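In full-length UniProt numbering, the protein residues as written are 1 to 79.
Notes follow once the structure below has been shown.
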């Protein structure tokens, strides 16, 4: 296999594993938010802002990984 095929494989892994991790993280966090707001409804607004902030940070982490994968695929530094 050439370096170009390894770059394609690495880009697929970066995007795929990053998407899986982000989906699992947001799913767990959303489930905990619903569970907590069911137990303590008075804290729902405070927890909702924190949940959306953390969801944005989790998605930003995935988008940074996707950007790095695009950099490697379009501006290949290995050839």
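Using N, Cα and C, we set each Cβ at its ideal position, and we do this for glycine too.
Because the structure is a prediction, the values reported are computed rather than measured.
- Taking 8 Å as the cut-off, the beta carbon of residue 33 is found closer than this to the beta carbon of residue 51.
- Nearest neighbour of residue 60 by Cα position, chosen from 3, 26, 48, 6, turns out to be 26.
- In the DSSP annotation of this structure, the continuous segment of the alpha helix (DSSP H) that includes residue 10 starts and ends at 3-39.
- Distances from the alpha-carbon of residue 73 to those of 55, 3, 7, 36 put 7 closest.
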